[in-house]
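So the sequence lines, in the order shown, correspond to chains A and V. Going by our numbering, the first residue of the first sequence is number 3, and it counts up by one from there. Going by our numbering, the first residue of the second sequence is number -10, and it counts up by one from there. Glycine is no exception: its CB is placed at the ideal position from the N, C-alpha and C atoms.
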Amino acid sequence: MAARIHGGAGAGAATALSTFNPKKLVAPSRTNLPAARSSKRYIVAAAGSDASKKSLRVGHSQKLIANAAVATKADTSATTGTGHELLLFEALQEGLEEEMDRDPHVCVMGEDVGHYGGSYKVTKGLADKFGDLRVLDTPICENAFTGMGIGAAMTGLRPVIEGMNMGFLLLAFNQISNNCGMLHYTSGGQFTIPVVIRGPGGVGRQLGAEHSQRLESYFQSIPGIQMVACSTPYNAKGLMKAAIRSENPVILFEHVLLYNLKEKIPDEEYICNLEEAEMVRPGEHITILTYSRMRYHVMQAAKTLVNKGYDPEVIDIRSLKPFDLYMIGNSVKKTHRVLIVEECMRTGGIGASLTAAINENFHDYLDAPVMCLSSQDVPTPYAGTLEEWTVVQPAQIVTAVEQLCQ
Amino acid sequence: MATAFSATLPLHGSSQENRLCFPTRLPPSSSFLGSTRSLPVRRLNHAHAARRSPVVAVQEIVKEKKPTNPLLITKEEGLVLYEDMILGRSFEDMCAQMYYRGKMFGFVHLYNGQEAVSTGFIKLLTKSDSVVSTYRDHVHALSKGVSARAVMSELFGKVTGCCRGQGGSMHMFSKEHNMLGGFAFIGEGIPVATGAAFTSKYKREVLKQDCDDVTVAFFGDGTCNNGQFYECLNMAALYKLPIIFVVENNLWAIGMSHLRSTSDPEIWKKGPAFGMPGVHVDGMDVLKVREVAKEAVTRARRGEGPTLVECETYRFRGHSLADPDELRDAAEKAKYAARDPITALKKYLIENKLANEGELKTIEKKIDDLVEEAVEFADASPQPGRSQLLENVFADPKGFGIGPDGRYRCEDPKFTEGTAQV
C-alpha cells in the first residue's frame, strides 16, 4: 500500500534551490486538468499546478507527497474507482479515529463528545471504541477544559479540544492566547503544546448572532498558533490528521453548513500540508482567494462568470495563519487582479490581513486594487433575509469580478 | 483596613501561638472554625470531611502507624527544610537588592514570609511530580530543584536563564524539574495543573503505565474568587485527579483585603462543596504544612482524588517591588513577623536537639555563597542575541509559513540570523 504520508514535524534543512527557475513560477494553464472536474463543486486540486511545484521545490520532496496525493487522487478515484464516498463530518471522524489508533496519546475533550457522539457527530462512536477517558465529556467550562488540554499537552498528551461552537471558545480566549500560543516561547522552548482546537463556526441557517461568529479574525494575532480552515471532506480529513501530528498548536475551523458535503476520498492514508493553499480552479483573468464556505459561493459565481466569458482562478487559502504567499503570489503574478471573498467581518478579518499581505508583497504585479468582499460588520441577524445580506452572495462576487476586470 | 472585620472573624487573630510541638499536645484552641482545634494533627482531614461531605480521606494507614520518632521530623529532614527556607528567603532578599540596583525589571513578586508553604509541600514531591504556580514563583522553582543560577539569570533576562530570558520573573518553567510555570494572570495556571494531573491519570488508566505523579497547584486568596478556580475544583473532583490545590492565603490581593472581596472568606470550605476534603492549616509553620501535605499527597497518589488546602500565611513585603504597601496595618505585619517560619523552625530544631547553632549557621553561609554566586553567574552571562527573537515561537518553525519565494520562511538563512522580514 502506497501510504502517502507527509514528512511531518521538523523543518527541513536549508536548501539551495539550484534548479530554481523564475520563469517557472507561473503555474501552467489548466490544460492538464481533467476537463470534467472543472465545474464540479468539490474540486480538490489541480494536477497541473502541483507538477510545477514539484520541479521548483526540490528540497521539499517530503512535503510534496501531500500534493502528489492530491494530484494523483484524481487518477486513482476517477480511473481505478477505489476510494470511498463520505460526508465531511465522517471524514473528520475518520481522520481523528486513524490518528487515535496510531498514537495512544491522542485524546479528545469537549462537551458532549463522548456519549452523545459530538453535537455534529464528528466524534460519533469514538467513546465506545476508546473509552471515556480518551474521549472525555467535560462539564461546561471552556476556559478550564481548554487549559486542561493545554496542561495535558505540556505533559505529554496530544489533546483534540472541541468547542461545541467556535463562538464558545471566546470563553477560552484566556487560555488560548496566553497559554496555548505563548507557553512554548515563554518557557524558552521547553514545553510544546501539540493541541488541536477545533469546532464549527461561521454563519449557519438562522442560528442567531452568538452562534454565527467567525473567530478566525480574533485569533489571528495570537503569536504561536496556526490556523487552518477545511472546506471539503478531502481536506477536512487531511488537515485533521496534519493538525494532530503537528507539534504546534493548531486551530482547525470547520463550518456548520459544510458538514454534510459528500465526496469520494482515497482509501489509502494521506495528509494535507498545513501551510499550503489549495488550487481549486486555475484561470487567467483574476485571482479569487477564499476559504471555508465561501469557496462554494465563489464556485457558484465562477459558473456564471465562465458563461460570461471570464476565466477566474480560484484558490482556497486553507491556511489562515500563516498565509501561503507562494501560491497566492504565483497567482497574482499571473492574473494581476485579486478578489478576496470571505465570511469574516469586514473590520480586522482574515481578508483585511490578506489584503495587507498582498499589497506589501506583490504590489508591483497588481493592475487593480485588491478588492475584498466580507460579511457586513453587524451581529448576524436571525431573520433569513437579513442573514442572507450579511454574508457575501454569488451575485455580489460576479459583480465584483466584472468590476475588477474592466 | 481590615480591622473592622477582624473583630468578627478572627482569621488572623487567633490565640494560636507558633508552637511546633509534640503531636499529641494540641495547639491551643482558637475560635476560628477551620483551625485544628478539635483534631489531632494527623486527623486533620478526616473530621472536616466527615462532617461536611461524604468524601472521607482514608486514614487507616496513618492511624495505625506508630511513630518511632516522637518528633515530626528527623535531623536530615529538618536540615533540608531549613536550607530550603533559607534559600527562598536569601534569594528573594537578593532579588530586591538587584531590582533596586537596576539589574532586573518589570514586575517582581517576592515570597518573603511564605516559605513554609513552598518548602512544606514541595520537599515531599519527587522529580516527576509537577508544580504549577503564579507570578510569585521564584521560591517554588527553587524548592522544586531549579538552580538558583538559572532563576537569577532568568530574572536578569540572560540567555542562561531557565527560559532563556524569554519568560522573566513571572514565568519560571523547567521541563527537567517539572515546574510548569509561572503564570502572570491569576488563575491561569490552575487549569494547566488540572491538565498535568489529567495526564497522570491518563498514563495510569489508558497507557497502563506505572504512574502516580501528583500535581500541586499554588495560588492565592484573590484567585479563589475567580471562575477558573471553581471550574477546576469541579473537574478535579469529578475525574478524581491527583492534584492538590494549595491556597496561599496571605489575606491581601495587592491592596484588596481578602475579607473585603470574598463573601465567605473561609476558603477551605469550598472544597467539600465540590466533593473534596478542604483543610485549613497554619501556613507559617512548616511542620504543620508538611503533615497536611503528606496526607494530601498520599491521598492523591492512591488515586483518591484532589484536596483543597488553605494555608494561612503572610507576605512580609508588598505585593511586588512596585507596591508601596501602605494599606496594611503595622500591627498585623508585626504579628506575622513574630511568626516567621524560619525563626520558628530554627527554634524547633534547636530545642529538640536536632541541630545546633553552628550547623544552622553553616547552612546560612552556604546559601549566602550560593546566592552570591548565582548573581555573579547571571551578571557574567550574555544577553540574548537578535537571532533568538524568532526562535521558539513555534515548536515546528514551519508555522511561520511559506514565503513568496516558495521556501519555508524558517529555511531562509536570514531568518535564523534574525535579519529576515517576517
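Just so you know, the alpha carbons of A:A304 and A:P314 end up roughly 7 Å apart.
Under the Cβ criterion of 8 Å, V:K387 is counted among the residues facing chain A. In the assembly as shown, A:D318 is a buried residue. Its beta-carbon has 16 or more other beta-carbons within 10 Å. V:R153 has a beta carbon lying within less than 8 Å of a beta carbon in chain A.
For V:F145, no Cβ of chain A is located within less than 8 Å of the residue's own Cβ.
If you draw a straight line from the Cα of V:G307 to the Cα of A:S248, it is about 44 Å long.
Of the candidates A:P396, A:A129, A:Q95, A:P396 places its Cα closest to the Cα of A:T306. Contact of A:F147 with chain V is assigned, a C-beta pair being separated by under 8 Å. Each of V:T188, V:V181, V:P231 was checked against the Cα of V:Q217, and the nearest Cα belongs to V:V181.
Nothing from the stretch 242 to 263 of chain V brings a Cβ to less than 9 Å from some Cβ of chain A. The DSSP-derived three-state label of V:I62 is coil. Counting the other CB atoms within 10 Å of its CB gives A:Q192 a total of 16 or more, which places it among the buried residues. Residues of the stretch 186 to 215 of chain A with a C-beta less than 9 Å from any C-beta of chain V: H186, Y187, T188, S189, G190, G191, Q192, F193, T194, I195, P196, listed in chain order. Taking a cut-off of 8 Å on C-beta distances, the stretch 89 to 99 of chain V touches the stretch 155 to 162 of chain V, as three or more cross pairs fall below it.
Taken through DSSP and simplified to helix, strand or coil, A:I195 comes out as coil. Along the stretch 168 to 182 of chain A, the positions whose C-beta sits under 7 Å from a C-beta of chain V are N176, Q177, N180, N181, read in chain order.
Near chain A, meaning a CB-to-CB distance below 8 Å, the residues of the stretch 365 to 380 of chain V are E380. Only those residues of the stretch 72 to 98 of chain V whose C-beta falls short of 7 Å from the nearest C-beta of chain A would be listed, and there are none. Interface flag for V:V382 against chain A is set, since a Cβ pair is found closer than 8 Å. Residues are counted here when their Cβ sits less than 9 Å from a Cβ of chain V; for the stretch 317 to 337 of chain A these are S321, K323, P324, F325, D326, L327, Y328, M329, I330, G331, N332, given in chain order. Between V:F208 and V:I175, the C-beta gap is smaller than 8 Å, which places the two residues in contact. Chain-ordered listing is empty here: chain A has no CB closer than 8 Å to the CB of V:N345, the nearest sitting near 41 Å. In the structure shown, the three-state DSSP call for A:H257 is strand.
Each of A:Q228, A:V334, A:E389 was checked against the Cα of A:D369, and the nearest Cα belongs to A:V334. In the three-state DSSP reduction, V:N238 falls in the strand class (E or B). For the pair of segments examined, the stretch 240 to 259 of chain V was found not to touch the stretch 83 to 92 of chain V: the number of CB pairs separated by less than 8 Å stays below three. In its chain, beyond the 5 residues on either side, F263 have a beta carbon closer than 6 Å to the beta carbon of V:L222. Interface annotation, A:C109: in contact with chain V, CB-CB separation under 8 Å. Note that the stretch 198 to 212 of chain A touches the stretch 376 to 389 of chain A; at least 3 beta-carbon pairs, one per stretch, sit closer than 8 Å. Counted as a single uninterrupted DSSP element, the alpha helix (DSSP H) harbouring A:Q95 occupies residues 90 to 104. Boundaries of the alpha helix (DSSP H) around A:I399: 396 to 406. Shown here, V:S252 sits in coil according to DSSP, grouped into three states, outside any helix or strand. A:L327 counts as buried, since at least 16 other C-beta atoms from the protein chains shown sit within 10 angstroms of its C-beta. V:F207: member of the beta strand (DSSP E) spanning 204 to 209, first to last residue. In the structure shown, A:K323 adopts extended strand secondary structure according to DSSP, grouped into three states.
Setting aside the 5 residues that flank it on each side, V:H247 is surrounded in the same chain by D210, L240, P254, each with a C-beta closer than 6 Å to its C-beta; the list follows chain order.
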